[in-house]
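Participant: Be aware that the sequence shown starts at 52, since it is given in the numbering used here, and climbs by one per residue. Glycine residues also receive a C-beta, built at the ideal position from the N, C-alpha and C atoms.
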Amino acid sequence: MKKYVYFFGNGKAEGSGSMKELLGGKGAGLAEMTNLGIPVPPGFTITTEACIEYYNNNKQYPEGMWEQALEALKRLEETVGKKFGDPKNPLLVSVRSGARVSMPGMMDTVLNLGLNDETVKGLAEVSNNERFAYDSYRRFIQMFSDVVLGIEHGKFERILDKVKEEKGVKYDTDLDAEDFKKVVDLYKKLVEQELGKPFPQDTMEQLKLAINAVFDSWNNQRAITYRKINKIPDNWGTAVNIVAMVFGNMGNDSGTGVAFTRNPSTGEKEFFGEFLINAQGEDVVAGIRTPEPIAKLKEEMPEVFKQLEEVYKKLETHYKDMQDIEFTVEKGKLYLLQTRSGKRTARAAVKIAYDMYKEGLIDKKTAVLRVKPEQVDQLLHPMIDPNEKYEVLAKGLPASPGAAVGKVVFTAEDAEIWAEKGEDVILVRNETSPEDIGGMNAAKGILTATGGMTSHAAVVARGMGKTCVAGCGAIKIDEEKKQFEVDGKVIKEGDYITINGSTGEVILGKVKLIMPELSGEFAEILKWADEFRKLGVRTNADTPKDSQVARDFGAEGIGLCRTEHMFFEGDRIDAVREMILSDTEEGRRKALEKIKPYQKEDFIGIFKVMDGLPVTIRLLDPPLHEFLPHTDEDIEKVSKASGIPADKLKAKVEELKEFNPMLGHRGCRLGITYPEVYEMQVYAIMEAACECKKEGVDVKPEIMIPLVGHYKELAILKEMVDRVAKEVMESYGVNIDYLVGTMIELPRAALTADEVAQYAEFFSFGTNDLTQTTLGLSRDDSGKFLPLYVEKGIYKEDPFVSLDQSGVGQLVEMGVKKGRSTRPELKTGICGEHGGDPDSIFFCHKIGLNYVSCSPYRVPVARLAAAHAALLEEN
């Protein structure tokens with residue numbers, strides 16, 4: 052029979068740290084710590100396979116699982132010398148989820164399970180602490196009712212607040228045994244009122260219901276949202292960990308904490324964390340009470356702290372990575388409840404990887420693999436301009452770095468709705484809960500009034516790369532009025548604030564942000580990445596300024612310079628419109644002569660910045676109507692400015708109107724019908740190149756013809772390019788090495804790539820348009836329904852964000868193979884948005900492209916992703 056349950060205890064575990072897929076991260080960590088001789092309360096893990104079977108089996112346990120669990124429970128009773136459900140000496144357990152990758156707070160946990168009206172008396176007797184027993188019972192009823200019975204935990208909180216209010220105290224720790232008995236009675240009444248039946252007293256029924264609830268929580272809304280954001284497969288399932296309870300709420304010699312072996316925000320090599328005296332684990336992560344920094348534990352419990360230090364160092368050396376640990380102290384005795392690789396900001400990931408390499412803990416390849424390409428964006432997060440003057444409203448904890456500006460909203464739903472309308476928002480909450488995951492993802496930043504550096508908001512924000520300020524106690528939030536108050540100032544929904552996740556400052560109004568630069572350790576890690584990657588990384592840039600930014604970030608050339616962007620600048624647009632409105636070739640040429648000097652000047656600027664590197668310049672691509680005014684008001688304005696009669700403008704707009712301009716008169720079709728337009732651009736490119744070369748600049752122009760569908764289009768236009776280039780080079784007496792290639796953005800071009808390659812010296816796959824034309828999806832209109840397609844799993848991800856590998860990807864792969872069958876040395880790259888997406892970059896590496904091209908700020912992401920692709924292929 053299949054083994055579904057793995058036991059650990061007495062210094063020996065049936066599982067190990069390498070069994071994450073089966074035991075989940077938490078179960079594998081508990082097994083490994085047990086085997087390492089670290090003090091862990093005994094227990095057993097029900098595997099992820101059992102969860103998958105449970106779902107496949109119409110929510111019934113797989114055969115043998117329950118019997119194996121009962122057997123393990125018996126072993127657990129023998130190990131701890133207590134009996135589950137025994138009114139005299141009861142064993143209590145925690146029931147916790149554990150996916151194979153960390154999903155903090157997304158799934159469910161039940162603590163103190165096994166308590167009922169009888170066992171609570173036994174617990175009071177055995178512990179000689181009635182207050183502790185009834186505190187544990189009220190916690191169990193609240194947690195079980197919330198997680199398993201579906202009664203909103205806020206209803207219990209309100210009862211507890213009322214009891215504290217009546218007694219005139221602020222904290223739960225100020226209540227005594229009699230108060231908690233009263234709370235328990237009120238809680239039980241609430242359950243009966245809500246469900247029409249009493250709170251379950253049968254401990255076996257409690258256990259079964261809790262296991263089901265953990266399995267079911269794999270598919271709760273917040274877990275689904277988290278998986279989607281973090282690209283975690285839906286079919287992994289969660290393990291269930293059933294562990295003997297150890298109690299941090301037994302008095303002032305007990306407590307609980309969460310800690311990291313290094314600082315998860317900065318990466319500094321310091322023990323970093325928080326703890327609460329006389330509390331249970333949920334109190335720390337839920338942000339209900341604001342905890343003490345871990346350093347204070349040294350004063351309160353020096354022996355425990357010393358032991359904890361030994362344990363954390365042992366764990367970090369063993370795992371060779373920064374660990375996130377949970378611990379409980381029961382009457383002065385330390386227990387570890389969890390260890391896992393800690394979630395960290397990108398800045399911390401870089402520092403930890405760099406330091407661990409320097410310390411000899413890991414090698415260079417591992418260091419590069421430790422920094423996730425998706426995270427790198429965070430390092431390029433905006434920061435507050437140091438020259439700005441601003442008013443600080445309040446200060447909280449710097450929970451996740453960077454700075455964010457946005458309008459205040461008070462619910463996760465509002466954050467999603469506002470963000471969808473294009474608003475930048477800051478989500479302000481007393482404390483976020485796992486249900487807020489969608490709103491946290493949509494917001495630019497998160498601000499909470501309670502909670503510490505290890506609260507839900509802090510951990511999740513760091514993992515997402517969102518700016519977060521936590522535990523800002525000075526702000527008083529009124530959710531009903533949708534406002535918060537600080538020192539008499541009222542900030543309403545929709546008002547702007549700025550938060551600085553690196554200092555904890557909450558600032559009134561909008562503050563100017565600036566982009567950071569690559570430096571120190573990160574630049575070093577990117578250099579290591581460059582040693583391993585095989586893919587080149589270029590940038591999409593249309594101005595000297597963007598080109599410089601990209602070059603500073605390590606771009607190896609320009610993969611896409613869009614010439615049409617240059618047409619919209621200043622006075623040029625007037626000459627462009629004059630050209631479009633002209634009915635004769637002569638008139639068009641006259642107008643184009645006015646544009647040429649501008650184009651040439653642009654190219655000179657870019658060539659100088661990119662000295663020694665290739666620059667791929669795409670000739671005019673969009674349909675001409677894009678350059679004309681469309682509303683009556685704009686037509687009038689342009690008519691006045693240009694002296695062109697309004698009716699003539701209107702008639703031309705009508706004439707150029709197309710039902711489907713994306714598939715209309717654009718790209719090389721313009722070059723075929725109006726060769727003078729492309730001629731002017733080639734003159735500008737080649738004259739700029741010749742002038743630069745004369746000044747000693749090493750120019751490498753690559754002229755790209757867009758939207759080719761038939762090799763004959765390219766044959767005609769290449770002949771024109773070569774003719775103009777020859778003429779210009781002869782007139783300057785200079786020789787330029789230039790290439791002529793095409794952008795593959797139509798399925799026909801990919802299907803006939805062997806024919807196209809007769810005339811193309813390079814292919815650049817324009818995957819934005821290739822996605823549109825292959826999937827028959829308009830990028831601009833599909834936003835209305837694409838999210839639903841992703842939700843229903845039709846597409847794994849938005850195909851405009853991450854390349855549709857089995858559809859569009861096949862065309863790219865075919866294009867490369869067919870093109871190289873004609874021209875073996877054919878240079879290939881992609882220049883759509885996908886060039887900066889790590890998953891798409893992995894695919895580009897796999898099919899043997901020469902380079903990817905992406906926006907300037909994605910260049911570091913692409914460099915790292917290309918290295919990961921090469922390194923993971925080796926493993």
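Looking at the unbroken beta strand (DSSP E) that takes in asparagine 86, where does it start and where does it end?
Facilitator: Here the question's residue 86 lines up with position 35 in the sequence shown. No beta strand (DSSP E) contains asparagine 86, which is instead part of the alpha helix (DSSP H) from 71 to 86.
Participant: Can you grab the Cα-Cα spacing for the pair leucine 143 / threonine 160, in whole Å?
Facilitator: In the sequence shown, residue 143 corresponds to position 92, counting from 1. In the sequence shown, residue 160 corresponds to position 109, counting from 1. Roughly 14 Å separates the two Cα atoms.
Participant: I need the straight-line Cα distance from leucine 559 to lysine 527, nearest angstrom please.
Facilitator: Counting from 1 along the sequence shown, the entry for residue 559 is found at position 508. Counting from 1 along the sequence shown, the entry for residue 527 is found at position 476. Between leucine 559 and lysine 527, the alpha-carbon positions lie close to 15 Å from each other.
Participant: Buried or exposed for methionine 194, please, with buried defined as at least 16 other CB atoms from any protein chain shown within 10 angstroms of its CB.
Facilitator: Here residue 194 refers to the residue found at position 143 when the sequence shown is read from its first residue. Methionine 194 comes out buried.
Participant: Between asparagine 481 and threonine 499, which are expected to be in contact by the criterion C-beta below 8 Å, what is the C-beta distance as a whole number of angstroms?
Facilitator: As a first step, residue 481 must be located in the sequence shown, where it is residue number 430. As a first step, residue 499 must be located in the sequence shown, where it is residue number 448. Right, their Cβ atoms sit about 7 Å apart.
Participant: I think leucine 826 touches aspartate 849, with their Cβ atoms under 8 Å apart; what is that distance to the nearest whole Å?
Facilitator: By one-based count along the sequence shown, residue 826 stands at place 775. By one-based count along the sequence shown, residue 849 stands at place 798. 11 Å between Cβ atoms; not a contact.
Participant: Need the endpoints of the alpha helix (DSSP H) that leucine 922 sits in, please.
Facilitator: Here residue 922 refers to the residue found at position 871 when the sequence shown is read from its first residue. Run containing leucine 922: 910 to 925, per the alpha helix (DSSP H) assignment.
Participant: Please tell me whether phenylalanine 573 and isoleucine 631 are closer than 9 Å, where the distance is taken between their beta carbons.
Facilitator: On the sequence shown, residue 573 is found 522 positions in, with the first residue counted as 1. On the sequence shown, residue 631 is found 580 positions in, with the first residue counted as 1. No, they are not a contact pair.
Participant: Determine the DSSP secondary structure at aspartate 253, reduced to helix, strand or coil.
Facilitator: As a first step, residue 253 is located in the sequence shown; it is residue number 202 there, counting from the start. Aspartate 253: coil per DSSP, three-state reduction.
Participant: For a quick check, are the C-beta atoms of proline 907 and valine 427 less than 9 Å apart?
Facilitator: Taking the sequence shown and counting its residues from 1, the one referred to as residue 907 is at position 856. Taking the sequence shown and counting its residues from 1, the one referred to as residue 427 is at position 376. Their beta carbons are not under 9 Å apart, which means proline 907 does not touch valine 427 by this criterion.
Participant: Report yes or no: do three or more beta-carbon pairs, one from the stretch 645 to 662 and one from the stretch 742 to 751, lie closer than 8 Å?
Facilitator: yes
Participant: Leucine 124 and isoleucine 293 - do their beta-carbons sit closer together than 9 Å?
Facilitator: Your numbering for residue 293 matches position 242 in the sequence shown. Your numbering for residue 124 matches position 73 in the sequence shown. Contact flag set, yes.
Participant: Are the beta-carbon atoms of alanine 295 and threonine 130 separated by less than 9 Å?
Facilitator: The residue you call residue 295 lines up with position 244 of the sequence shown. The residue you call residue 130 lines up with position 79 of the sequence shown. Yes; because the gap between Cβ atoms is below 9 Å, this pair is in contact.
Participant: Can you tell me where the alpha helix (DSSP H) holding threonine 724 begins and where it ends?
Facilitator: Numbered from its first residue, the sequence shown carries residue 724 at position 673. Here the alpha helix (DSSP H) through threonine 724 covers 719 to 724.
Participant: Determine the direct distance from the alpha carbon of alanine 330 to that of phenylalanine 322, and round the result to whole angstroms.
Facilitator: The residue labelled residue 322 in the question sits at position 271 within the sequence shown. The residue labelled residue 330 in the question sits at position 279 within the sequence shown. For phenylalanine 322 and alanine 330, the distance between alpha carbons rounds to 21 Å.
Participant: Label histidine 681 either buried or exposed according to how many other C-beta atoms from any shown protein chain fall within 10 Å of its C-beta, with 16 as the threshold for buried.
Facilitator: Translated into positions along the sequence shown, residue 681 becomes position 630. Residue environment for histidine 681: exposed (fewer than 16 other C-beta atoms within 10 angstroms of its C-beta).
Participant: What does a CB cutoff of less than 6 Å around phenylalanine 816 pick up in its chain, not counting 5 residues either side in sequence?
Facilitator: The sequence position of residue 816 within the sequence shown is 765, counting from 1. A distance below 6 Å between beta-carbons, with the five flanking residues on each side excluded, links phenylalanine 816 to the following residues of its chain, in chain order: Ile795, Val863 and Ile881.
Participant: Using 9 Å as the threshold, is the C-beta distance between methionine 566 and proline 437 below it?
Facilitator: Here the question's residue 566 lines up with position 515 in the sequence shown. Here the question's residue 437 lines up with position 386 in the sequence shown. Contact: no.
Participant: One question on the structure: do leucine 611 and tyrosine 902 come within less than 9 Å of each other, judged by their Cβ atoms?
Facilitator: Reading the sequence shown from its first residue, position 560 is the one you call residue 611. Reading the sequence shown from its first residue, position 851 is the one you call residue 902. No.
Participant: Ignoring anything shorter than 3 residues or poking outside the stretch 483 to 569, list the beta strand (DSSP E) runs there in chain order.
Facilitator: 496 to 499, 518 to 521, 527 to 529, 534 to 537, 540 to 543, 547 to 551 and 556 to 559
Participant: Compare the Cα-Cα distances from arginine 874 to each of Ala811, Gln861 and Thr822 and report the closest residue.
Facilitator: Taking the first residue of the sequence shown as 1, we reach residue 874 at position 823. Cα-wise, what sits closest to arginine 874 is Ala811.
Participant: Is aspartate 406 closer than 9 Å to glycine 393 when the C-beta atoms are compared?
Facilitator: For this step, residue 393 is matched to residue 342 along the sequence shown. For this step, residue 406 is matched to residue 355 along the sequence shown. No. Outside cutoff.
Participant: Mapping the DSSP letters down to three states, classify isoleucine 97 as helix, strand or coil.
Facilitator: On the sequence shown, residue 97 is found 46 positions in, with the first residue counted as 1. Three-state result, isoleucine 97: strand.
Participant: State the Cα-Cα distance for the pair phenylalanine 604 and valine 291, rounded to the nearest angstrom.
Facilitator: For the purposes of this step, residue 604 is taken as the residue at position 553 of the sequence shown. For the purposes of this step, residue 291 is taken as the residue at position 240 of the sequence shown. Cα to Cα, phenylalanine 604 sits roughly 45 Å from valine 291.
Participant: Looking at the structure shown, is leucine 363 part of a helix, part of a strand, or coil, going by DSSP?
Facilitator: The residue labelled residue 363 in the question sits at position 312 within the sequence shown. The question names leucine, but residue 363 is tyrosine in the sequence shown. Tyrosine 363 falls in the helix class under three-state DSSP.
Participant: Ignoring anything shorter than 4 residues or poking outside the stretch 208 to 263, list the alpha helix (DSSP H) runs there in chain order.
Facilitator: 228 to 246
Participant: Write down the C-beta distance between methionine 737 and valine 779 rounded to the nearest angstrom, noting that I regard them as a contact closer than 8 Å.
Facilitator: For the purposes of this step, residue 737 is identified with residue 686 of the sequence shown, where counting begins at 1. For the purposes of this step, residue 779 is identified with residue 728 of the sequence shown, where counting begins at 1. Indeed they touch by this definition, with Cβ atoms about 4 Å apart.
Participant: Beta-carbon within less than 7 Å of glutamine 534's beta-carbon, same chain only, minus the 5 sequence neighbours each way: which residues are those?
Facilitator: Here residue 534 refers to the residue found at position 483 of the sequence shown. Val541, Ile542, Lys543 and Glu544.
Participant: For the alpha helix (DSSP H) that contains alanine 592, what are its first and last residues?
Facilitator: Here residue 592 refers to the residue found at position 541 of the sequence shown. Where alanine 592 is concerned, there is no enclosing alpha helix (DSSP H), given that its DSSP letter is neither H nor E.
Participant: Taking the Cβ atom as the reference point for each residue, do arginine 909 and glycine 886 lie within a distance shorter than 9 Å?
Facilitator: For this step, residue 909 is matched to residue 858 along the sequence shown. For this step, residue 886 is matched to residue 835 along the sequence shown. Taking 9 Å as the Cβ cut-off, arginine 909 and glycine 886 qualify as a contacting pair.
Participant: Taking glutamate 100 as the reference, give the member of Gly115, Thr289, Gly62 and Arg189 with the closest Cα.
Facilitator: To locate residue 100, count along the sequence shown from 1; it is residue 49. That would be Thr289, whose Cα lies nearest to the Cα of glutamate 100.
Participant: Cβ atoms of lysine 647 and methionine 731: under 9 Å apart, would you say?
Facilitator: In the sequence shown, the residue the question calls residue 731 occupies position 680. In the sequence shown, the residue the question calls residue 647 occupies position 596. Closer than 9 Å, so yes.
Participant: Please return the same chain residues whose Cβ sits closer than 8 Å to the Cβ of lysine 221, not counting the five positions on each side in sequence.
Facilitator: The residue you call residue 221 lines up with position 170 of the sequence shown. Counting only Cβ-Cβ distances below 8 Å, and skipping sequence neighbours, we find Lys215.
Participant: Let me know the alpha helix (DSSP H) ranges lying completely inside the stretch 108 to 195, each 4 residues or longer, listed in chain order.
Facilitator: 116 to 131 and 170 to 178
Participant: Can you tell me which residues form a DSSP beta bridge with glutamine 374?
Facilitator: Locating residue 374 in the sequence shown gives position 323, counting from the first residue. The partner list for glutamine 374 (beta bridge, DSSP) reads Ser392.
Participant: Taking the continuous beta strand (DSSP E) assigned at alanine 455, which residues delimit it?
Facilitator: Numbered from 1 along the sequence shown, position 404 holds the residue referred to as residue 455. 454 to 460 is the extent of the beta strand (DSSP E) around alanine 455.
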